[in-house]
Amino acid sequence: MAGQDRSPSTTTIATKFLPLSDPSKVSLLLTTSGVTPGFTTSTDSAPDTDESPTLTSQDLLIGCTLAIVGNLLISVSLNLQKYTHMRNSRREVSKHYLSDPLWWFGLLLMGFGELGNFSAYGYAPASLVAPLGTTTVVANLFVAALFLREKIKPENIFGSALAIVGACLLVTFSQKKERILNGDEITQSITEVSFIVYICIEVAALAVVCVLLYRFHIVHVVIYLLITSITASFTVISAKAVSSMLHLSLNGFSQFHNAIFYIMLLLMIITIILQIKYLNLAMKHFNATVVVPTNFVFFTISAILAGTIFYKEFFGMNTLDICMFLFGCLLSFIGVYFVTGNRLTPNSDDAQPLSDAEEKPVNTDVPPWLSSNMQESPVQPKGGSNHHLSDADRNSSHEMSTSSTSDSFNSQDTLFEKHTKTAAPHYGTNY
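For the sequence shown, the numbering used here assigns the number 12 to the initial residue and increments by one for each residue that follows.
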């Protein structure tokens, strides 16, 4: 109200003592009087896009706190779900994990954790929220040791320290300014050429990974987590858009009349469901200490790319900030490598010592078509080893050798037929 009362009097003074033909002097007087030319104070208008509000230190603190708490809940959630899968595999009569209340409790914790991350996007840039996923990696060391009895080694502690230092560098040298976009600006960003190219690459990569998984049945942790990270990039974009429009709406600039708000909200829900599905499949087949850190690396890269291409969060950064930010990424990824090194779950089937009867054959990477033509025979000294045998013994030995060779060929043919009929694909191989 004080600004509105002061503005007319300033305009009156300007028009009274200055000629209307000299607008530059009027603009100068208005500026020195605290009134910006062309800026309207009506609450019905959208905020000036050139004067987008920036985050304060308190906003950044709130965003970081929400992200850290959310990642802690996600770490507990993932390990609870992994524990339910392990417990179910040890039962005589297994049941579907959806019927286990503990799995649903883990899912509920994941929901609260994702809600915390979503709220953090409203207070901090995506490039700042995503690297704080290091909290999940570090917390997973201790949570997995508590729930899954996974061992913690010195290299894991060293990796955690590197990951924390890397996260600190990311936070320190990342973009601190938050640009709040309205619905029209979000629609304009979607139609930019750079974002269209980015979407085409993402969709093509997702198609290739799905073909490898569902057509060639290649089951690998990278396959599941690539699907998770690609969908996570869409989650980051949509969550940031919804959070920005909610921020504007709560400050009096309603965005609920814009269709892009509901499109982004629907996209966020769908991609979150897909993330939960494929992340849960990865947790079902692989160790939590492998899935969680690898997912952190993939998610961080996808979130940074999404924030850079769609929201231009790194535009205007100097060379030092960019180099230190990349160095922080490198430290975090190296730390993740040490965290995941040589970690096994004692309760999992793969970690249990095998008995003599259950000992698995060594995979020599010999194709089945080649192994069917391979023969095994005892090694004999060159020059003949039966010179001391009698003629009758030699004839008997020759007949037994001929019979054994014939049986060997028949046995190998039978085994080859059984192998081609019953062989099943195993994890991480292409044949």
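Even glycine gets a Cβ: it sits at the ideal position worked out from N, Cα and C.
Check your understanding: Quick one: Cα of Asp195 to Cα of Val182, how far?
Key -> 30 Å
**Study point:** Where Asp332 sits in the DSSP three-state scheme
**Key:** helix
Point to revise | Cα-Cα separation, Ala317 to Val247 | key: Spanning the two alpha carbons is a distance of roughly 7 Å.
**Study point:** Assigned exposure category for Phe309 - 16 Cβ within 10 Å defines buried
**Key:** buried
Practice item. Leaving out five residues on either side along the sequence, give the residues of the same chain with a beta carbon under 8 Å from the beta carbon of Met335. Key: Leu180, Thr183 and Phe184.
Review point. What first and last residue would you give for the alpha helix (DSSP H) that runs through Ser265?
Key: Taken as a continuous stretch (DSSP letters only), Ser265 belongs to no alpha helix (DSSP H), as it is neither H nor E.
Practice item. Could you give the DSSP three-state label for Asn455: helix, strand or coil? Key: Any property of residue 455 remains undetermined from this structure, which presents the chain solely from 12 to 442.
**Study point:** Between the CA atoms of Ala270 and Val154 - distance to the nearest angstrom
**Key:** 42 Å
Point to revise | Per-residue DSSP class, three states only, for Leu381 | key: Caution is warranted here: a pLDDT of 34 is assigned to Leu381, below 50, making its placement in the model unreliable, and no coordinate value can be reported.
Exercise for review: Could you check which residue in Arg160, Leu139, Pro165 and Ala178 has the C-alpha nearest to that of Lys187?
Suggested key: Looking only at Arg160, Leu139, Pro165 and Ala178, the smallest Cα-Cα distance to Lys187 is reached by Leu139.
Review point. How about Ile241 and Ala216: do their beta carbons lie closer than 8 Å?
Key: yes
Point to revise | Closest residue to Tyr289 among Leu89, Thr202, Ile79 and Thr76 (Cα-Cα distance) | key: From the listed residues Leu89, Thr202, Ile79 and Thr76, the smallest Cα separation to Tyr289 is found for Leu89.
Review point. At a cut of 8 Å, does the stretch 261 to 278 reach the stretch 211 to 229 through at least three beta carbon pairs?
Key: no
Check your understanding: What first and last residue would you give for the alpha helix (DSSP H) that runs through Gly117?
Key -> Pro112 to Ala131 is the extent of the alpha helix (DSSP H) around Gly117.
Review point. Near Gly170, which residues of its chain fall below 6 Å by C-beta distance, leaving aside the five closest residues on each side in sequence?
Key: Gly346, Phe349 and Val350
Review point. Hey, Ala137 and Leu83: beta-carbon distance below 8 Å or not?
Key: no
Check your understanding: Leaving out five residues before and five after Glu324 in sequence, what residues of the same chain have Cβ atoms less than 7 Å from its Cβ?
Key -> Pro136, Ala137, Ser138, Gln186 and Gly318
**Study point:** Distance, Pro112 Cα to Asp361 Cα
**Key:** Residue placement at Asp361 cannot be trusted, given a pLDDT of 42 that sits under 50; what the coordinates show is reported in the next sentence. Asp361 and Pro112: Cα-Cα distance of roughly 26 Å.
Review point. Would the stretch 99 to 117 and the stretch 160 to 169 be scored as touching if the rule is three or more Cβ pairs under 8 Å?
Key: no
Practice item. Please list, in chain order, all residues of the same chain as Phe344 whose beta carbon is under 7 Å from its beta carbon, the five residues on each side excluded. Key: Same-chain partners within the cutoff: Val308.
Check your understanding: Mind checking Leu341: buried by the 16 CB within 10 Å criterion, or exposed?
Key -> exposed
Check your understanding: What do you get for Glu161, buried or exposed, if any count of 16 or more other CB atoms within 10 angstroms of its CB means buried?
Key -> buried
Practice item. Thinking Leu159 and Tyr94 are a contact (beta carbons under 8 Å), I'd like their distance in whole angstroms, please. Key: 6 Å
Exercise for review: Have a look at Ile85 and Thr239 and give me their C-alpha separation to the nearest angstrom.
Suggested key: Looking at the two C-alpha atoms, the distance is approximately 15 Å.
**Study point:** Selection from Phe206, Ser110, Ala243 and Tyr225 that minimises the alpha carbon distance to Leu285
**Key:** Ala243
Check your understanding: Who are the Cβ neighbours of His258 in its own chain at under 6 Å, not counting the five residues just before and after it?
Key -> Gly133 and Ile191
Practice item. Grab me the residues of Gly81's own chain with a C-beta within less than 6 Å of its C-beta, minus the 5 sequence neighbours each way, in chain order. Key: The beta carbon of Gly81 is closer than 6 Å to those of Gly124, Gly127 and Asn128 in its chain, skipping five residues each way along the sequence.
Point to revise | Glu166 - containing alpha helix (DSSP H), residue span | key: Pro165 to Phe184
**Study point:** Coarse secondary structure for Pro142, derived from DSSP in three states
**Key:** helix
Check your understanding: Would Leu236 pass as a contact of Asn306 if the rule is Cβ separation under 8 Å?
Key -> yes
**Study point:** Cβ-based neighbour list, Leu223, same chain, cut-off 8 Å, excluding 5 preceding and 5 following
**Key:** Ile229 and Ile234
Review point. If we call anything under 8 Å between Cβ atoms a contact, is Val148 one with Val303?
Key: yes
Review point. Would DSSP call Phe272 helix, strand or coil?
Key: helix
Point to revise | Identity of the residue in Leu109, Asn262 and Gln92 nearest Lys295 by Cα | key: Gln92
Check your understanding: How many whole angstroms separate the CB atoms of Gly177 and Gly74, which I take to be in contact at a CB cut-off of 8 Å?
Key -> The distance from the Cβ of Gly177 to that of Gly74 is about 19 Å, inconsistent with a contact at the 8 Å cut-off.
Check your understanding: Looking only at its own chain, which residues have a Cβ that is under 6 Å from the Cβ of Arg226, when we skip the five neighbours before and after it?
Key -> none
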